[in-house]
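A.B. asks: Got a structure for you, questions after.
Protein chains: 2
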Amino acid sequence: MTPPTPRQLAREETTARIKALALEQLASSSATELSLRAVAREIGVVSSAVYRYFASRDELLTALIVDAYDDLADHLERAGRPDRRGARRRWLEVCGALRAWALAQPHRFALVYGSAIPGYAAPATTIEPAGRVVRAFCVPAAAAGEAAPGTRGDPLTRALTGQLAVTAEALELDVDAGRTLLLVGAFAQVVGLLTLELNGHFVGGFEPADALFEALVADRADALGL
Amino acid sequence: MTPPTPRQLAREETTARIKALALEQLASSSATELSLRAVAREIGVVSSAVYRYFASRDELLTALIVDAYDDLADHLERAGRPDRRGARRRWLEVCGALRAWALAQPHRFALVYGSAIPGYAAPATTIEPAGRVVRAFCVPAAAAGEAAPGTRGDPLTRALTGQLAVTAEALELDVDAGRTLLLVGAFAQVVGLLTLELNGHFVGGFEPADALFEALVADRADALGL
DNA sequence: CCACAGAAGTGAGCACCGCTCTTGCTTTCC
DNA sequence: GGAAAGCAAGAGCGGTGCTCACTTCTGTGG
């Protein structure tokens, strides 16, 4: 392994600067308003120079998305790390961490869980870090507890059971189909709540939405037998 | 009431044409890509002429959003209209109608429940039709059934109970706090599921997501005592 | 040590965008 | 019939993403 040349170092630093500046700009506007030209202007370089680092605006966006997934996964893993707290407590805190992260940087949440950018098709690069997030979300709730969805005795269809098994497998989670179903449902609920909250659908009703969020998360913890 | 002059008629027709074309364009790209100029080009008019009908791009978007809410609310109301079907069946069909609507016109779903457009702040005009939607979602589940969230005996906080009551009041629903909580949770879950599904987060896991959706909705129906 | 390949940065340019403003034409209303 | 209001046109401003031919810089191998 040859040591990195100064040039490589410079390149990495410039790349990081571009990403940081882009993120900053994103924070004060929105995904649509990310302007390569503005970023270039701010790092004191002509717009076309940025294309040495990112082939297109979409590629920059993708880099930011991957970073966001990774950062979020880190947060969740930290909040859910195994320790003396009980499983319920840990899971509740993971949910809280997810909301805190989303509230602190709504633009990043929108980037990963908001509506798709124009023609933008998420490249395969993003699916692994995206998986890390939902894995971190599920882990504390996977270990302990007995529970099954209350599907009034209707057994899950074979197809669904299969999909659930595949998903659990892909996330390296050792949980049965019923529990996986509940976990996916809980994740969707949290994403939905945050989507609604961040987009102002709760204005006039739930503001702040802290209590609402906590009550619903507690309800899901109960259902999961935590 | 004087009869509408030809000019007024023409104006309405042009307005409708603009909206229709804009929607069409939206369907094949995304909210970001709605171009006033392209719309103008397509109806065979110079770009500045469109500003006689909508003061800005945002105003056009707002009009489309209101239309979308109204259309969705119509669909849900139709799916949930009281009849010989039981409450459970009706509510399940409302959920199904919501998903069907979203799958059939993902761009419109993104418009109303996706991440906020750039600097766009939803004007007050949108909150009433938005309310219609969630009301239609709740109505079939409001009437019958006994159920409470499984918050392990922890009573809801006073603040939350208040918020829930205000919300139920605003939606003209006669339901207690616990039930309102579950309904809001169910709505968030459905929105979350659709957000994830439409943005490709289920690729490789749940595809199609029909069975997943149905199982989770059935689970919520159980919790609601339907 | 220094020439030279390749990387980094430049600047002009293309086609597009939202939006404004002036300038005429047409319809409505008194 | 004439004034007022509505409508469309077209030029223009400042912005966007992206390309390309060009120069400047720099690290390395002979």
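Protein sequences, first through last, are from chains F and Z. In terms of my numbering, the first sequence opens at residue 1 and continues consecutively. In terms of my numbering, the second sequence opens at residue 1001 and continues consecutively. Note that the Cβ used here is the ideal one computed from N, Cα and C, for glycine as well. Note that the structure is predicted; figures quoted are calculated from it, not measured.
Between which two residues does the alpha helix (DSSP H) containing Asp-1083 (chain Z) stretch?
C.D. replies: Position 83 of the second sequence, counting from 1, holds the residue named residue 1083 (chain Z). Premise fails: Asp-1083 (chain Z) is in no alpha helix (DSSP H) and is neither H nor E.
A.B. asks: Hey, is Ala-1170 (chain Z)'s beta-carbon within less than 9 angstroms of any beta-carbon in chain F?
C.D. replies: Locating residue 1170 (chain Z) in the second sequence gives position 170, where the first residue counts as 1. Yes, its Cβ sits closer than 9 angstroms to a Cβ of chain F.
A.B. asks: Contact criterion: CB-CB distance below 9 angstroms. Does Val-203 (chain F) meet it with respect to chain Z?
C.D. replies: Counted from its first residue, the first sequence places residue 203 (chain F) at position 203. At least one chain Z Cβ lies under 9 angstroms of Val-203 (chain F).
A.B. asks: So within the stretch 1027-1075 of chain Z, which uninterrupted beta strand (DSSP E) runs reach at least 3 residues, ignoring any that extend past its ends?
C.D. replies: Listed in chain order, there is nothing to give.
A.B. asks: Can you pull the chain Z residues whose beta carbon is under 9 angstroms from the beta carbon of Leu-181 (chain F), in chain order?
C.D. replies: Against the first sequence, residue 181 (chain F) aligns to sequence position 181. Going along chain Z in sequence order, the residues near Leu-181 (chain F) (Cβ under 9 angstroms) are Leu-1212, Ala-1215, Leu-1216 and Asp-1219.
A.B. asks: Taking C-beta pairs closer than 8 angstroms, name the residues in chain Z that Thr-167 (chain F) reaches, listed in chain order.
C.D. replies: For the purposes of this step, residue 167 (chain F) is identified with residue 167 of the first sequence, where counting begins at 1. Here the neighbours are Gly-1205 and Phe-1206.
A.B. asks: Is the beta carbon of Ala-22 (chain F) less than 9 angstroms from the beta carbon of Leu-60 (chain F)?
C.D. replies: Position 22 of the first sequence holds residue 22 (chain F). Position 60 of the first sequence holds residue 60 (chain F). Yes. Within cutoff.
A.B. asks: For Arg-99 (chain F), which residues in the same chain have their Cβ closer than 7 angstroms to its Cβ, ignoring the five residues on either side in sequence?
C.D. replies: For the purposes of this step, residue 99 (chain F) is identified with residue 99 of the first sequence, where counting begins at 1. Cβ within range, chain order: Leu-194 and Phe-213.
A.B. asks: So what does DSSP say about His-201 (chain F), is it helix, strand or coil?
C.D. replies: If you number the first sequence from 1, residue 201 (chain F) lands on position 201. Correct three-state label for His-201 (chain F): coil.
A.B. asks: Going by CA-CA distance only, name the one from Z:Leu-1111, Z:Arg-1084 and Z:Glu-1024 that's closest to Leu-1198 (chain Z).
C.D. replies: As a working mapping, residue 1198 (chain Z) is identified with position 198 in the second sequence. Among Z:Leu-1111, Z:Arg-1084 and Z:Glu-1024, the Cα nearest to that of Leu-1198 (chain Z) belongs to Z:Leu-1111.
A.B. asks: From which residue to which residue does the alpha helix (DSSP H) around Asp-210 (chain F) run?
C.D. replies: Indexing the first sequence from 1 puts residue 210 (chain F) at position 210. Segment 210-223, the alpha helix (DSSP H) holding Asp-210 (chain F).
A.B. asks: Measuring straight from C-alpha to C-alpha, what distance separates Gln-1025 (chain Z) and Ala-1104 (chain Z)?
C.D. replies: Start at 1 with the first residue of the second sequence, and residue 1025 (chain Z) comes out as number 25. Start at 1 with the first residue of the second sequence, and residue 1104 (chain Z) comes out as number 104. For Gln-1025 (chain Z) and Ala-1104 (chain Z), the distance between alpha carbons rounds to 15 angstroms.
A.B. asks: Do Gly-1086 (chain Z) and Leu-1226 (chain Z) have their C-beta atoms closer together than 9 angstroms?
C.D. replies: The count along the second sequence starts at 1 and reaches residue 1086 (chain Z) at position 86. The count along the second sequence starts at 1 and reaches residue 1226 (chain Z) at position 226. Closer than 9 angstroms, so yes.
A.B. asks: Determine whether the Cβ of Ala-16 (chain F) lies closer than 9 angstroms to any Cβ atom of chain Z.
C.D. replies: What you label residue 16 (chain F) is simply residue 16 of the first sequence in a count that begins at 1. No, its Cβ sits nowhere closer than 9 angstroms to a Cβ of chain Z.
A.B. asks: DSSP three-state call for Ile-18 (chain F): helix, strand or coil?
C.D. replies: Taking the first residue of the first sequence as 1, we reach residue 18 (chain F) at position 18. In this structure, Ile-18 (chain F) counts as helix in the three-state DSSP scheme.
A.B. asks: With a cut-off of 9 angstroms, does the C-beta of Ala-1136 (chain Z) fall near any C-beta of chain F?
C.D. replies: Here residue 1136 (chain Z) corresponds to residue number 136 of the second sequence, with the count starting at 1. No, no contact with chain F.
A.B. asks: Could you pull the start and end residues of the alpha helix (DSSP H) that Ala-143 (chain F) belongs to?
C.D. replies: Sequence index remark: in the first sequence, residue 143 (chain F) carries index 143 (1-based). Note, Ala-143 (chain F): alpha helix (DSSP H), 127-143.
A.B. asks: Who are the neighbours of Gly-114 (chain F) on chain Z, taking C-beta pairs under 7 angstroms?
C.D. replies: Stepping through the first sequence from its first residue, residue 114 (chain F) is reached at position 114. By Cβ distance, chain Z contributes Gly-1114 and Ser-1115.
A.B. asks: Could you give the residue range of the alpha helix (DSSP H) that holds Thr-1161 (chain Z)?
C.D. replies: Start at 1 with the first residue of the second sequence, and residue 1161 (chain Z) comes out as number 161. First-last of the alpha helix (DSSP H) with Thr-1161 (chain Z): 1158-1170.
A.B. asks: Using a C-beta to C-beta distance shorter than 7 angstroms, which residues of chain F count as neighbours of Gln-1189 (chain Z)?
C.D. replies: Translated into the one-based positions of the second sequence, residue 1189 (chain Z) becomes position 189. Residues of chain F passing the Cβ test: Gly-185, Ala-188, Gln-189 and Gly-192.
A.B. asks: Please classify Tyr-1051 (chain Z) as buried or exposed, where buried requires at least 16 neighbouring CB atoms within 10 angstroms.
C.D. replies: On the second sequence, residue 1051 (chain Z) is found 51 positions in, with the first residue counted as 1. Tyr-1051 (chain Z) should be labelled exposed.
A.B. asks: Against Ile-1043 (chain Z), what residues of chain F qualify as contacts under a CB-to-CB distance less than 9 angstroms, listed in chain order?
C.D. replies: In the second sequence, the residue the question calls residue 1043 (chain Z) occupies position 43. Within 9 angstroms Cβ-Cβ: nothing; Ile-1043 (chain Z) doesn't reach chain F, min ~22 angstroms.
A.B. asks: On the three-pair Cβ rule with 8 angstroms, is the stretch 158-176 of chain F touching the stretch 1158-1166 of chain Z?
C.D. replies: Contact between the stretch 158-176 of chain F and the stretch 1158-1166 of chain Z is absent, because fewer than three Cβ pairs lie under 8 angstroms.
A.B. asks: Suppose you measure from the CA of Asp-1219 (chain Z) to the CA of Gly-131 (chain F); what does that come to, to the nearest Å?
C.D. replies: Taking the second sequence and counting its residues from 1, one reaches residue 1219 (chain Z) at position 219. Taking the first sequence and counting its residues from 1, one reaches residue 131 (chain F) at position 131. Roughly 25 angstroms between the two C-alpha positions.
A.B. asks: Please classify Thr-1032 (chain Z): is it buried, with 16 or more other beta-carbons within 10 angstroms of its beta-carbon, or exposed?
C.D. replies: For the purposes of this step, residue 1032 (chain Z) is taken as residue 32 along the second sequence, with counting starting at 1. Thr-1032 (chain Z) is buried by the Cβ-count criterion.
A.B. asks: Does DSSP put Phe-1206 (chain Z) in a helix, a strand or coil?
C.D. replies: Within the second sequence, residue 1206 (chain Z) is the residue found at index 206, counting from 1. Note: Phe-1206 (chain Z) maps to coil in three-state DSSP.
A.B. asks: Would you tell me roughly how many angstroms separate the C-alpha atoms of Met-1 (chain F) and Ala-211 (chain F), rounded to the nearest one?
C.D. replies: Taking the first residue of the first sequence as 1, we reach residue 1 (chain F) at position 1. Taking the first residue of the first sequence as 1, we reach residue 211 (chain F) at position 211. Reliability fails at Met-1 (chain F), whose pLDDT of 42 lies under 50, so the model's placement of it is uncertain and the value that follows must be treated cautiously. Straight-line Cα distance between these residues: approximately 53 angstroms.
A.B. asks: Give me the Cα-Cα distance between Glu-93 (chain F) and Ser-1028 (chain Z), rounded to the nearest whole angstrom.
C.D. replies: Taking the first sequence and counting its residues from 1, the one referred to as residue 93 (chain F) is at position 93. Taking the second sequence and counting its residues from 1, the one referred to as residue 1028 (chain Z) is at position 28. When rounded, the distance between both Cα atoms is 41 angstroms.
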